[in-house]
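Participant:
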Amino acid sequence: MNDKITSEAKNRSLVVQLLGWVVAMFSFGFFVLPPLYNVFCEITGFGGRTNTAAATVVETPDVNRTVRVEFVTSVNEYAPWEFTADTSSMDVHPGQMYYATFTAKNLTEVSKVAQAVPSISPIVASGHFKKIECFCFTSQDFSAHEQKEMPVQFILDTELPDYIDTVTLQYTFFDTQRVAAAN
Amino acid sequence: MTTAVADAAHHVEHGPAKGFSRWLFTTNHKDIGTMYLIFSLTMFFVGGTMALIVRSELAQPGLQFVHPEFFNQMTTMHALVMIFGAIMPAFVGLANWMVPLQIGAPDMALPRMNNWSFWILPVAFCMLLSTLFMPGGAPAGGWTMYPPLVLQTGDSFPFLIFSIHLMGLSSIMGAINIIVTIVNMRTPQMVLIRMPLFAWAWLITAYLLLAVMPVLAGAVTMLLTDQFFGTSFFLAAGGGDPVMYQHIFWFFGHPEVYIMILPAFGIVSEIIPTFSRKPLFGHDSMVYALAAIAFLSFIVWAHHMFTVGMPLSGQMFFMFATMMISVPTGVKIFNWASTMWRGAMTFETPMLFALAFVFLFTIGGFSGLMLALVPADIQYHDSYFVVAHFHYVLVPGSLFALMGAAYYWLPKWTGHMYNETAGKVHFWLSAIFVNVLFFPMHFLGLAGMPRRIPDYSTQFADFNMVATIGAFGFGLSQLIFVYVLLTCKKGPPATAEVWDHPKGLEWTVPSPAPYHTFAEPPKVDRTVAFPKDYD
Chain A
156 MNDKITSEAK
166 NRSLVVQLLG
176 WVVAMFSFGF
186 FVLPPLYNVF
196 CEITGFGGRT
206 NTAAATVVET
216 PDVNRTVRVE
226 FVTSVNEYAP
236 WEFTADTSSM
246 DVHPGQMYYA
256 TFTAKNLTEV
266 SKVAQAVPSI
276 SPIVASGHFK
286 KIECFCFTSQ
296 DFSAHEQKEM
306 PVQFILDTEL
316 PDYIDTVTLQ
326 YTFFDTQRVA
336 AAN
Chain B
26 MTTAVADAAH
36 HVEHGPAKGF
46 SRWLFTTNHK
56 DIGTMYLIFS
66 LTMFFVGGTM
76 ALIVRSELAQ
86 PGLQFVHPEF
96 FNQMTTMHAL
106 VMIFGAIMPA
116 FVGLANWMVP
126 LQIGAPDMAL
136 PRMNNWSFWI
146 LPVAFCMLLS
156 TLFMPGGAPA
166 GGWTMYPPLV
176 LQTGDSFPFL
186 IFSIHLMGLS
196 SIMGAINIIV
206 TIVNMRTPQM
216 VLIRMPLFAW
226 AWLITAYLLL
236 AVMPVLAGAV
246 TMLLTDQFFG
256 TSFFLAAGGG
266 DPVMYQHIFW
276 FFGHPEVYIM
286 ILPAFGIVSE
296 IIPTFSRKPL
306 FGHDSMVYAL
316 AAIAFLSFIV
326 WAHHMFTVGM
336 PLSGQMFFMF
346 ATMMISVPTG
356 VKIFNWASTM
366 WRGAMTFETP
376 MLFALAFVFL
386 FTIGGFSGLM
396 LALVPADIQY
406 HDSYFVVAHF
416 HYVLVPGSLF
426 ALMGAAYYWL
436 PKWTGHMYNE
446 TAGKVHFWLS
456 AIFVNVLFFP
466 MHFLGLAGMP
476 RRIPDYSTQF
486 ADFNMVATIG
496 AFGFGLSQLI
506 FVYVLLTCKK
516 GPPATAEVWD
526 HPKGLEWTVP
536 SPAPYHTFAE
546 PPKVDRTVAF
556 PKDYD
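So the protein lines, in turn, are chains A and B.
Numbering follows the numbering used here, with no gaps: position 63 of the first sequence is 218.
Numbering follows the numbering used here, with no gaps: position 196 of the second sequence is 221.
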């Protein structure tokens, strides 16, 4: 009889321990991993992540070095926009501030809200590409058929590794109606 | 004390209940094991039918039989059904049947939960298969369920997520049961390290299941909340990142592939010594190799996603970590070969399946090594080479081990010897057609044929026709297995040992194994975990 009781107690404590594991792994996957991944991306620039709020940078321009910055635009899924960069690329000196403009046009009869999401490539450059002002910091409202010119102001800092001679800035335009409605 | 004796006496006389309620309410590990095995065989034919639809469409270039949407549903459902419905439950069924018999336990530690973890599965699969009849059809975004594509699934999306939840729940309960049984219910003299390899493989697999199934549940729950509750875990517009899903999924997914192969390693480590008439070479190193593979499986996930855009240092780490897995795997292959070395080998059906496993799984292992190389993987990614690779490790790998296990233990389960000729025919047809089916896929992949596409360029036509012929040959050969099962009762009665002096406690009970076994813990030799009078 005693044997039976002790074995049941042993089973119960092991089951509780294993269930604890299950709960811990679910919490790890659901609650810990996503914020951890975000922090990881912000630190390393993984996924081409760049700053999402205005950066303040004071740098002295390095006029002896020229880096080409290329602009790429795309529109997500069937989002009803025309979205282009006004210049496809520019040659810049690290440490100096530059402007570039992008143009987007709402192709529908109704007003729309868009969010541009930036991405930098190569990944090692993403921490060195600082946006002072960007249309991607906030969502953009478009009335029916509205066309807008949107600026981005940026500095490539002088810490950019020597072997990089081209940096690509890519924007994807998302229709945020669904996200906005949910929030 | 007197009550305990009376209890024990009462339980010995307790036989199976009559009719369907026996199966519905059973808490007997042998009944539940049988149900798992029959369920998984059924799912194997369901998933196999889907594979044949895929192969029929791919027999010739152009679209002949099905719409591309339905083709994508078939590839997705084939994977889900085979992984969660056929391979995994079959291993759990074998664990239910054999683990208590191998460690001298009277039953599983948590019999009621055991009943529950089985009966969840038919419910989960009714739910998953019902999506085939829904508006918009079954899930078609691939079994990996990558967002944003999977979020475009129609009405079947929540059914997909909930059925994954249920399958995960079933696996987790099964895993807890196996761990508690092995840790707490071994016969007293059985030292953990000396435990038979199949039980060892399952102990490690069960820990893998506990570690990763909750992570999968978390990932699919995030998909669900992204779709219905306005979160943006994976939606770039809301600040999320679809690549994060791939990381979380493969953090589950890579241990998952070892969940599907470690029990197979355990089975082969049981079969080869029996038919080589030698003890397993390097028993302890086999255990350490299993543990090493299990550990490494957690740090290699990103080799599934070399093309997402990853820093070079990350690619290097995951490449080398992946290649490191071939070391413990090599230990296992060499130990099996050493077990056979100078053994008095005979080639009954289980041994044939085990030998084919060693050869053909190794081919799958080598193509895996090729895929681990970053520069090569960028070429092979999402091509038929990947399809060839994982089918080599899953079909002549996991499935052949399962078939071998079924033939090996069938006389113990039924009390009758199966038809050996039919078994051998089944083996040879399977072994030939599986290569006709999957080997040409290597060439197709290297030549650039992408996976998951119903049509292809005409230069791929010949090899695809060969693969389709192999698929029908392989599929039809499996009907011989059903014939063997159905005619097994007519075979001559099996002895308790069944084979020529096999080692292990399961061979000390009569064939068929009585409804209740090991009411008293059996005596084993501390050093070998086998009954004393055997050596």
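The beta-carbon is built from N, C-alpha and C at its ideal position, and this holds for glycine as well.
What residues from the stretch 214-245 of chain B come within 7 Å of chain A, judged by C-beta to C-beta, listed N to C?
Facilitator: Within the stretch 214-245 of chain B, the qualifying residues are L235, A236, P239, V240, A242, G243 and A244.
Participant: Taking Cβ-Cβ distances shorter than 7 Å, what residues in chain A pair up with B:V208?
Facilitator: Here residue 208 of chain B corresponds to residue number 183 of the second sequence, with the count starting at 1. Ordered by position in chain A, the residues that pass the 7 Å Cβ test against B:V208 are L169.
Participant: So B:V205 contacts chain A; which residues on that side make the cut at Cβ distance below 8 Å?
Facilitator: Position 180 of the second sequence, counting from 1, holds the residue named residue 205 of chain B. Under the 8 Å cutoff, chain A gives N166, L169, V170 and L173.
Participant: Going along the chain, which residues of the stretch 260-276 of chain A sit with their C-beta nearer than 8 Å to a C-beta in chain B?
Facilitator: Result list: Q270, V272 and S276.
Participant: Going along chain A, which residues have a C-beta under 9 Å from B:F331?
Facilitator: Locating residue 331 of chain B in the second sequence gives position 306, where the first residue counts as 1. Near B:F331 there are no residues of chain A at all, since even the closest Cβ is about 14 Å away, more than 9 Å.
Participant: How far does the beta strand (DSSP E) with A:S274 in it reach, from first residue to last?
Facilitator: Position 119 of the first sequence, counted from the start, is the residue given in the question as residue 274 of chain A. It spans K267 to S276 - the beta strand (DSSP E) in which A:S274 sits, taken as one unbroken run.
Participant: DSSP three-state call for B:N360: helix, strand or coil?
Facilitator: The residue labelled residue 360 of chain B in the question sits at position 335 within the second sequence. The answer is helix: DSSP assigns B:N360 an H, G or I state.
Participant: Starting from the C-beta of B:S188, find all residues in its chain whose C-beta is less than 6 Å away, skip the five residues before and the five after it, and write them out in chain order.
Facilitator: Numbered from its first residue, the second sequence carries residue 188 of chain B at position 163. Around B:S188: A149, M152 and L153.
Participant: Count the other CB atoms, across all protein chains shown, that sit within 10 Å of the CB of A:T215; report buried if there are 16 or more and exposed otherwise.
Facilitator: Position 60 of the first sequence, counted from the start, is the residue given in the question as residue 215 of chain A. So A:T215 counts as exposed.
Participant: Assign B:G44 to one of two classes, buried (16 or more other C-beta atoms within 10 Å of its C-beta) or exposed (fewer than that).
Facilitator: Here residue 44 of chain B is taken as the residue at index 19 of the second sequence, counted from 1. Answer is exposed; the Cβ neighbour count stays below 16.
Participant: Alpha carbons only, please: which of B:L146, B:F50, B:S408 and B:G162 is nearest the one belonging to B:T101?
Facilitator: To locate residue 101 of chain B, count along the second sequence from 1; it is residue 76. Comparing Cα positions, the closest option is B:G162.
Participant: Thinking C-beta only, is A:T205 closer than 8 Å to A:P273?
Facilitator: Working through the first sequence from its first residue, we reach residue 273 of chain A at position 118. Working through the first sequence from its first residue, we reach residue 205 of chain A at position 50. Yes, the pair counts as a contact, with Cβ atoms nearer than the cut-off.
Participant: Determine the DSSP secondary structure at B:H467, reduced to helix, strand or coil.
Facilitator: By one-based count along the second sequence, residue 467 of chain B stands at place 442. Three-state DSSP puts B:H467 in a helix.
Participant: A:Q302: buried (16+ other C-beta within 10 angstroms of its C-beta) or exposed?
Facilitator: Here the question's residue 302 of chain A lines up with position 147 in the first sequence. So A:Q302 ends up on the exposed side.
Participant: Check distances from the C-beta atoms of the stretch 278-295 of chain A to those of chain B and list, in chain order, the residues that come in under 8 Å.
Facilitator: Within the stretch 278-295 of chain A, the residues whose Cβ lies closer than 8 Å to some Cβ of chain B are I278 and V279, listed in chain order.
Participant: Quick check on B:Q89: buried or exposed, where buried means 16 or more other Cβ atoms within 10 Å of its Cβ?
Facilitator: In the second sequence, residue 89 of chain B corresponds to position 64, counting from 1. B:Q89 comes out exposed.
Participant: Excluding sequence positions up to five away, which residues of its chain have a Cβ less than 7 Å from the Cβ of A:V171?
Facilitator: Translated into positions along the first sequence, residue 171 of chain A becomes position 16. Cβ within range, chain order: n/a, list empty.
Participant: For the putative contact between A:F309 and A:F284, defined by C-beta atoms under 8 Å, what is the C-beta separation to the nearest angstrom?
Facilitator: Walking along the first sequence from the start, residue 309 of chain A turns up at place 154. Walking along the first sequence from the start, residue 284 of chain A turns up at place 129. About 6 Å; that satisfies the 8 Å criterion.
Participant: Is it right to say A:N219 is buried, meaning 16 or more other beta carbons lie within 10 angstroms of its own, or is it exposed?
Facilitator: The residue given as residue 219 of chain A occupies position 64 in the first sequence. Its Cβ having fewer than 16 others within 10 Å, A:N219 is exposed.
Participant: Among the candidates B:M395, B:I505 and B:P436, whose CA atom is the shortest distance from the CA of B:G446?
Facilitator: What you label residue 446 of chain B is simply residue 421 of the second sequence in a count that begins at 1. The displayed chain sequence assigns Thr, not Gly, to residue 446 of chain B. Considering only alpha carbons, the answer is B:I505.
Participant: Mapping DSSP to helix, strand and coil, what is B:N97?
Facilitator: Translated into positions along the second sequence, residue 97 of chain B becomes position 72. If DSSP states are grouped into helix, strand and coil, B:N97 belongs with the helices.
Participant: Any idea which residues DSSP pairs B:H19 with across the strands?
Facilitator: Given that chain B is displayed from residue 26 to residue 560, the structure contains no residue 19 of chain B and the question cannot be resolved.
Participant: Over what stretch of residues does the alpha helix (DSSP H) that includes B:K55 continue unbroken?
Facilitator: Residue mapping note: residue 55 of chain B aligns to position 30 of the second sequence, counting from 1. Residues H54 to L83.
Participant: Could you have a look at A:N219 and say whether DSSP puts it in helix, strand or coil?
Facilitator: Residue numbering aside, residue 219 of chain A sits at position 64 when the first sequence is read from its first letter. In this structure, A:N219 counts as coil in the three-state DSSP scheme.
Participant: Are the C-beta atoms of B:M247 and some chain A residue less than 8 Å apart?
Facilitator: If you number the second sequence from 1, residue 247 of chain B lands on position 222. Answer yes: the Cβ-Cβ gap between B:M247 and chain A drops below 8 Å somewhere.
Participant: For the 8 Å Cβ check, are there 3 or more pairs between the stretch 327-342 of chain B and the stretch 193-204 of chain A?
Facilitator: Touching, yes.
Participant: Spell out whether any CB of chain B is found under 8 Å from the CB atom of A:T331.
Facilitator: Along the first sequence, one-based indexing puts residue 331 of chain A at 176. Judged by the 8 Å Cβ criterion, A:T331 is in contact with chain B.
Participant: Along the alpha helix (DSSP H) that carries A:L324, what are the first and last residues, could you check?
Facilitator: Against the first sequence, residue 324 of chain A aligns to sequence position 169. Not the alpha helix (DSSP H): A:L324 falls in the beta strand (DSSP E), residues T321 to D330.
Participant: Would you mind sorting A:S266 into buried or exposed? The rule is 16 or more other CB atoms within 10 Å of its CB.
Facilitator: Residue numbering aside, residue 266 of chain A sits at position 111 when the first sequence is read from its first letter. Under this definition A:S266 is an exposed residue.
Participant: Answer yes or no: do B:V356 and B:S310 have a C-beta to C-beta separation smaller than 8 Å?
Facilitator: Counting from one through the second sequence, the residue named residue 356 of chain B turns up at place 331. Counting from one through the second sequence, the residue named residue 310 of chain B turns up at place 285. Yes, these two residues count as a Cβ contact at 8 Å.
Participant: What are the boundary residues of the alpha helix (DSSP H) that includes B:F378?
Facilitator: Sequence index remark: in the second sequence, residue 378 of chain B carries index 353 (1-based). Note, B:F378: alpha helix (DSSP H), T374 to A397.
Participant: What is the DSSP secondary structure of B:H36, reduced to helix, strand or coil?
Facilitator: By 1-based counting over the second sequence, the position of residue 36 of chain B is 11. Low confidence applies here, because B:H36 scores a pLDDT of 49, under 50, leaving its location unreliable; read the following figure in that light. Helix, per DSSP.
Participant: Using the Cβ count rule (16 or more neighbours within 10 Å means buried), how would you classify B:A465?
Facilitator: Locating residue 465 of chain B in the second sequence gives position 440, where the first residue counts as 1. The amino acid occupying residue 465 of chain B in the given sequence is Pro; Ala does not appear at that position. Its Cβ being crowded by 16 or more others within 10 Å, B:P465 is buried.
Participant: DSSP three-state label for B:F254, please.
Facilitator: Within the second sequence, the letter at position 229 stands for residue 254 of chain B. Coil.
Participant: Thinking C-alpha only, which one of B:I286, B:I63, B:Q252 and B:A362 is nearest B:F425?
Facilitator: Reading the second sequence from its first residue, position 400 is the one you call residue 425 of chain B. The shortest Cα separation from B:F425 among B:I286, B:I63, B:Q252 and B:A362 belongs to B:I286.
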